[in-house]
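Enquirer:
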Amino acid sequence: KAKTKEKKSGVIYLSRVPTCMNVKQVCEMLSQYGAIGRVFLKPDVKYNKKNRVFEEGWIEFERKKVAKLVAFTLNNKPIGGKRRSPWFHELWNLKYLKGFKWTHLNEKLTYERAVRKQKLKLEISKAKKETDKFAAKVEKQRKSK
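Spelled out as C-alpha coordinates, the structure:
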(Lines of atoms letter the chains of each structure in order from A; the text may use other names.)
(Lines give C-alpha, C1' and ligand atoms only; values in the text may rest on other atoms or scores of the structure.)
Protein backbone atom coordinates (compact mmCIF):
# COMPACT_ATOMS: atom_id res chain seq x y z
CA LYS A 683 0.00 0.00 0.00
CA ALA A 684 2.88 2.39 0.75
CA LYS A 685 4.39 1.83 -2.70
CA THR A 686 1.16 2.71 -4.48
CA LYS A 687 0.91 5.91 -2.45
CA GLU A 688 4.47 6.86 -3.33
CA LYS A 689 3.85 6.15 -7.02
CA LYS A 690 0.82 8.42 -7.14
CA SER A 691 2.55 11.32 -5.40
CA GLY A 692 4.12 14.19 -7.32
CA VAL A 693 7.14 16.30 -6.42
CA ILE A 694 7.54 19.99 -7.22
CA TYR A 695 10.91 21.75 -7.23
CA LEU A 696 10.95 25.25 -5.75
CA SER A 697 14.05 26.81 -7.34
CA ARG A 698 13.95 29.92 -5.18
CA VAL A 699 12.28 30.07 -1.81
CA PRO A 700 10.73 33.51 -1.20
CA THR A 701 12.50 35.69 1.35
CA CYS A 702 11.84 34.82 5.01
CA MET A 703 9.49 31.97 4.06
CA ASN A 704 9.79 28.77 6.07
CA VAL A 705 8.36 25.25 5.80
CA LYS A 706 5.19 26.09 7.72
CA GLN A 707 4.39 29.07 5.51
CA VAL A 708 5.07 27.13 2.30
CA CYS A 709 2.69 24.41 3.52
CA GLU A 710 0.01 26.95 4.41
CA MET A 711 0.24 28.67 1.03
CA LEU A 712 0.24 25.53 -1.11
CA SER A 713 -2.08 23.29 0.94
CA GLN A 714 -5.08 25.20 -0.38
CA TYR A 715 -4.50 23.51 -3.76
CA GLY A 716 -4.20 19.96 -2.43
CA ALA A 717 -2.88 17.67 0.27
CA ILE A 718 0.86 18.06 0.86
CA GLY A 719 2.92 15.08 1.92
CA ARG A 720 6.44 16.22 2.73
CA VAL A 721 8.36 19.48 2.35
CA PHE A 722 12.12 19.95 2.38
CA LEU A 723 13.77 23.36 2.13
CA LYS A 724 17.54 23.44 1.75
CA PRO A 725 19.09 26.04 4.09
CA ASP A 726 21.43 28.62 2.61
CA VAL A 727 24.91 28.17 4.08
CA LYS A 728 25.66 31.91 3.93
CA TYR A 729 23.29 32.62 6.81
CA ASN A 730 23.41 31.45 10.42
CA LYS A 731 20.80 29.20 11.99
CA LYS A 732 19.04 32.04 13.80
CA ASN A 733 18.20 33.89 10.59
CA ARG A 734 17.30 30.76 8.62
CA VAL A 735 17.11 31.49 4.90
CA PHE A 736 16.39 28.78 2.35
CA GLU A 737 17.78 28.65 -1.17
CA GLU A 738 15.71 25.86 -2.77
CA GLY A 739 13.07 23.33 -1.85
CA TRP A 740 11.03 20.27 -2.77
CA ILE A 741 7.34 19.82 -2.07
CA GLU A 742 5.59 16.46 -2.33
CA PHE A 743 1.89 16.49 -3.10
CA GLU A 744 -0.06 13.33 -2.34
CA ARG A 745 -1.58 13.35 -5.84
CA LYS A 746 0.50 13.69 -8.98
CA LYS A 747 -2.31 15.45 -10.85
CA VAL A 748 -2.51 18.18 -8.20
CA ALA A 749 1.27 18.66 -8.27
CA LYS A 750 1.26 19.11 -12.05
CA LEU A 751 -1.64 21.54 -11.85
CA VAL A 752 -0.03 23.62 -9.08
CA ALA A 753 3.31 23.79 -10.92
CA PHE A 754 1.64 24.76 -14.17
CA THR A 755 -0.70 27.40 -12.74
CA LEU A 756 1.56 29.04 -10.15
CA ASN A 757 4.90 29.12 -12.01
CA ASN A 758 6.03 32.76 -12.50
CA LYS A 759 2.85 34.08 -10.91
CA PRO A 760 2.92 36.57 -8.02
CA ILE A 761 2.60 35.04 -4.57
CA GLY A 762 0.22 37.81 -3.67
CA GLY A 763 -1.58 38.10 -0.39
CA LYS A 764 -2.15 41.39 1.35
CA ARG A 765 -0.16 44.43 0.26
CA ARG A 766 1.82 44.48 3.53
CA SER A 767 2.82 40.84 3.09
CA PRO A 768 6.59 40.38 2.60
CA TRP A 769 5.89 38.21 -0.46
CA PHE A 770 3.38 40.50 -2.18
CA HIS A 771 5.76 41.39 -5.04
CA GLU A 772 7.62 38.05 -5.26
CA LEU A 773 6.99 35.32 -7.82
CA TRP A 774 6.64 31.56 -7.48
CA ASN A 775 9.38 29.54 -9.22
CA LEU A 776 7.93 26.05 -9.42
CA LYS A 777 8.68 23.09 -11.65
CA TYR A 778 7.03 19.68 -11.67
CA LEU A 779 9.66 16.93 -11.60
CA LYS A 780 8.42 14.15 -13.88
CA GLY A 781 9.35 10.69 -12.63
CA PHE A 782 11.01 12.13 -9.52
CA LYS A 783 10.21 10.49 -6.20
CA TRP A 784 11.06 11.48 -2.65
CA THR A 785 13.59 8.64 -2.40
CA HIS A 786 15.59 10.25 -5.22
CA LEU A 787 15.90 13.39 -3.12
CA ASN A 788 17.20 11.42 -0.13
CA GLU A 789 19.73 9.65 -2.36
CA LYS A 790 20.89 12.98 -3.78
CA LEU A 791 21.34 14.50 -0.33
CA THR A 792 23.28 11.49 1.01
CA TYR A 793 25.49 11.53 -2.09
CA GLU A 794 26.24 15.25 -1.62
CA ARG A 795 27.06 14.61 2.05
CA ALA A 796 29.43 11.78 1.10
CA VAL A 797 31.18 13.95 -1.50
CA ARG A 798 31.57 16.75 1.06
CA LYS A 799 33.10 14.33 3.60
CA GLN A 800 35.46 12.94 0.98
CA LYS A 801 36.65 16.43 0.00
CA LEU A 802 37.21 17.29 3.66
CA LYS A 803 39.25 14.12 4.22
CA LEU A 804 41.33 14.93 1.13
CA GLU A 805 42.03 18.46 2.36
CA ILE A 806 42.99 17.19 5.83
CA SER A 807 45.36 14.59 4.42
CA LYS A 808 46.91 17.21 2.12
CA ALA A 809 47.44 19.56 5.08
CA LYS A 810 49.00 16.72 7.12
CA LYS A 811 51.43 15.94 4.30
CA GLU A 812 52.44 19.60 4.07
CA THR A 813 53.03 19.86 7.82
CA ASP A 814 55.03 16.60 7.82
CA LYS A 815 57.23 17.90 4.98
CA PHE A 816 57.73 21.19 6.78
CA ALA A 817 58.59 19.43 10.05
CA ALA A 818 61.05 17.17 8.20
CA LYS A 819 62.77 20.20 6.63
CA VAL A 820 63.01 21.95 9.99
CA GLU A 821 64.49 18.82 11.57
CA LYS A 822 66.95 18.47 8.69
CA GLN A 823 68.10 22.08 9.14
CA ARG A 824 68.58 21.55 12.88
CA LYS A 825 70.75 18.49 12.26
CA SER A 826 72.84 20.29 9.65
CA LYS A 827 73.73 23.10 12.09
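Residues in the sequence shown are numbered consecutively from 683, following my numbering.
Where is the CB? At the ideal position from N, CA and C, for every residue including glycine.
Please return the same chain residues whose Cβ sits closer than 8 Å to the Cβ of residue 748, not counting the five positions on each side in sequence.
Expert: 692, 715, 716, 717
Enquirer: I need the DSSP call for residue 752, collapsed to helix, strand or coil.
Expert: helix
Enquirer: Can you list, in chain order, the residues of its chain whose CB lies under 6 Å from that of residue 744, leaving out five sequence neighbours each side?
Expert: 691, 717, 719
Enquirer: Buried or exposed for residue 741, please, with buried defined as at least 16 other CB atoms from any protein chain shown within 10 angstroms of its CB.
Expert: buried
Enquirer: Is residue 816 helix, strand or coil by DSSP?
Expert: helix
Enquirer: At which residues does the beta strand (DSSP E) containing residue 721 begin and terminate?
Expert: For residue 721, the enclosing beta strand (DSSP E) has its first and last residue at 718-725.
Enquirer: Give the C-beta separation of residue 696 and residue 775 to the nearest angstrom, bearing in mind that I take them to be a contact with Cβ-Cβ under 8 Å.
Expert: 7 Å
Enquirer: Check for me: the alpha helix (DSSP H) holding residue 699 runs from which residue to which?
Expert: It is not in any alpha helix (DSSP H) - residue 699 carries neither H nor E in the DSSP assignment.
Enquirer: What's the C-alpha gap between residue 802 and residue 790?
Expert: Approximately 18 Å, taken between the alpha carbons.
Enquirer: How many whole angstroms separate the CB atoms of residue 721 and residue 739, which I take to be in contact at a CB cut-off of 8 Å?
Expert: Indeed they touch by this definition, with Cβ atoms about 7 Å apart.
Enquirer: Can you tell me whether DSSP reads residue 784 as helix, strand or coil?
Expert: The three-state reading of DSSP puts residue 784 in helix, counting H, G and I together.
Enquirer: Is DSSP giving residue 735 helix, strand or coil here?
Expert: coil
Enquirer: Which residue comes first and which comes last in the alpha helix (DSSP H) that contains residue 827?
Expert: First-last for residue 827: undefined, no H or E at that position.
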